[in-house]
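In UniProt numbering, the protein residues as written are 1 to 433. Ideal Cβ positions, reconstructed from N, Cα and C, are used throughout, including at glycine. Below: one structure, written as structure tokens.
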């Protein structure tokens, strides 16, 4: 969709409703913050008028509600209103605030092709998703369609929060919008004091490996219906029963492993499958209940030399063993440091085209369905285009009838995948609403 159909209405800076105390002025990075790139995660929410009939027809009222509630939300999530300092070790929580854009899109929402990430990108601040977050750490764009529907495109710095905390932030923001008199909770961003950062050379090497060589890539979406997911799980379980031990895969395990195998089958290089895992259940004995921030880490399956040797039940089993190791370790920092060094080596080899490292993130089971700014939940949620090669995202569909997979690959790899008969047996290109 042409950007010429978009017109800027207003641009504001939203500061926290209450100033951040001096005692909270400096937020030190944790190892998890340190290993995440300083780039914006993107999250789009669509609210069609026909599915959200209580949505106001007054654009000024909608923006007033969102701006006021965002201000209150930033009081609790105060590092998101701050500035990342050049030393790479801390955030100055100086209340510079978030950027809030309001635009008008001269078309009905029905013209947005939700099977295309490029079409959905129009609801995000231009050229911002997944780019370095150097100024405001939160940038929101309120989009008014001429049919009366709205979309909210949100970009939040990955250096401060992961997918879990970003989802909590959005839910908190929507609660403030829905109930302006709600109490403003106090969250703790104390990861840096519990899990301190690594020595700079190791962290810098990993970040360079994570962020370089990401272009050019294209993003496509595939949908696994609940019935197809169940068939896939049954196939993997049956495969494992012929081996020494049986396995009952989860929906995310089945879909992510299967997609990885389909992509890797088009390459002759060795490969490694990695899965970003929320460590909060493992770390809850160290973290306060009110903790927010980054707490995800990459789990790695063993390297597979020949794509033909990828066995789904074995891959899932290996990732489960990795998770068990983290549950059982008595020194989490020591275990992570060992894994970080291994990750650094694999990412370097990936950059040199010696191996393919596939990076998977699941947003399944995240609390999206409670998002309600006062006019009902979003009909559609999207992540936009992701310019990161060999990246896989999984999300539950909004109506709960399956899993949507967002893939980002080089053009030639995506072209090969689009005709992969194994993939198309279980998944279909995502369709518009």
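DSSP three-state label for residue 144, please. Reduced to three states, the DSSP call for residue 144 is strand.
**Study point:** Contact belief for residue 261 with residue 312 at Cβ below 8 Å, rounded distance in angstroms
**Key:** 6 Å
Inset, instruction - Can you give me the start and stop residues for the alpha helix (DSSP H) that residue 177 sits inside? - result: Run containing residue 177: 163-178, per the alpha helix (DSSP H) assignment.
Inset, instruction - Only counting runs of 3 or more residues, tell me where the beta strand (DSSP E) segments fall wholly within the stretch 56-141, in order along the chain. - result: 90-92 and 98-105
Measuring CB atoms only, is the stretch 226-242 touching the stretch 293-305, in the sense that at least three cross pairs come out at less than 8 Å? no
message = Comparing C-alpha positions only, which one of 86, 197 and 131 sits nearest to residue 42?
response = 131
Worksheet item: Among 150, 56, 40 and 197, which residue has its Cα nearest to the Cα of residue 157?
Response: Of 150, 56, 40 and 197, the residue nearest in Cα terms is 40.
Proximity to residue 228 [Cα-Cα], best of 251, 245 and 247 | 251
Output needed for residue 310: all residues of its chain with C-beta closer than 7 Å, excluding positions within five of it in sequence on either side, in chain order.
Around residue 310, the same chain offers 261, 264 and 304 as residues with beta carbons nearer than 7 Å, after the five sequence neighbours per side are excluded.
Among all the DSSP beta bridges, which residues are the ones paired with residue 273? 358
How about residue 300 and residue 282: do their beta carbons lie closer than 8 Å?
no
>> Quick check on DSSP: helix, strand or coil for residue 400?
In response: Of the three classes helix, strand and coil, the one that applies to residue 400 here is coil, per DSSP.
Tell me the rounded alpha-carbon separation between residue 150 and residue 341.
45 Å
Return the bridge partner residues of residue 45 from the DSSP annotation. For residue 45, DSSP records a beta bridge to 152 and 381.
Return the first residue and the last residue of the alpha helix (DSSP H) that residue 264 is part of.
-> Per DSSP, residue 264 belongs to the alpha helix (DSSP H) from 251-264.
**Item:** residue 297 (DSSP reduced to helix, strand or coil)
**Value:** strand
Closer than 8 Å is the cut-off here; do at least three beta carbon pairs connect the stretch 23-31 with the stretch 124-143? no
Extent of the continuous alpha helix (DSSP H) to which residue 312 belongs:
312-328
8 Å Cβ cutoff met for residue 68 and residue 80: no
Can you tell me the Cα-Cα spacing of residue 93 and residue 420, whole angstroms? A direct Cα-Cα distance of roughly 49 Å separates residue 93 from residue 420.
Note to self: Measuring only the C-alpha atoms, how far is residue 216 from residue 387?
What the structure shows: 7 Å
- Item | Buried or exposed (CB count within 10 angstroms, at least 16 for buried), residue 164 | buried
Measuring only the C-alpha atoms, how far is residue 219 from residue 54?
Approximately 34 Å between the Cα atoms of the pair.
Distance, residue 189 Cα to residue 154 Cα = 21 Å
Look up residue 427 in the DSSP assignment and say whether it is helix, strand or coil.
-> Note: residue 427 maps to coil in three-state DSSP.
*Please state whether DSSP places residue 50 in a helix, a strand or coil.*
Looking at residue 50 - three-state DSSP - the assignment turns out to be coil, as it is neither helix nor strand.
Under the assumption that residue 75 contacts residue 184 (Cβ atoms under 8 Å), give the Cβ distance between them as a whole number of angstroms.
5 Å between Cβ atoms; contact.
**C-beta contact flag for residue 404 and residue 233 at 8 Å** = no
For residue 390, which of 17, 401 and 356 has the nearest alpha-carbon? The residue from 17, 401 and 356 with its alpha-carbon nearest to that of residue 390 is 356.
Three-way DSSP call (helix, strand, coil) for residue 227 in this model = helix
Integer Cβ distance of residue 147 from residue 110, believed to fall under 8 Å
7 Å
### Message
Quick check on DSSP: helix, strand or coil for residue 405?
### Response
Looking at residue 405 - three-state DSSP - the assignment turns out to be strand.
Quick check on residue 411: buried or exposed, where buried means 16 or more other Cβ atoms within 10 Å of its Cβ? exposed
Fill in: Helix, strand or coil at residue 432 [DSSP, three-state]
The predicted position of residue 432 is uncertain, since its pLDDT is 41 and thus under 50; no value can be drawn from it.
inquiry  = Measuring alpha carbon to alpha carbon, tell me which residue in 330, 247, 379 and 255 is nearest residue 399.
reply    = 379
TODO: Evaluate residue 325 with the Cβ neighbour count: other Cβ atoms within 10 Å of its Cβ, from every protein chain shown; 16 or more gives buried, anything less gives exposed.
DONE: exposed
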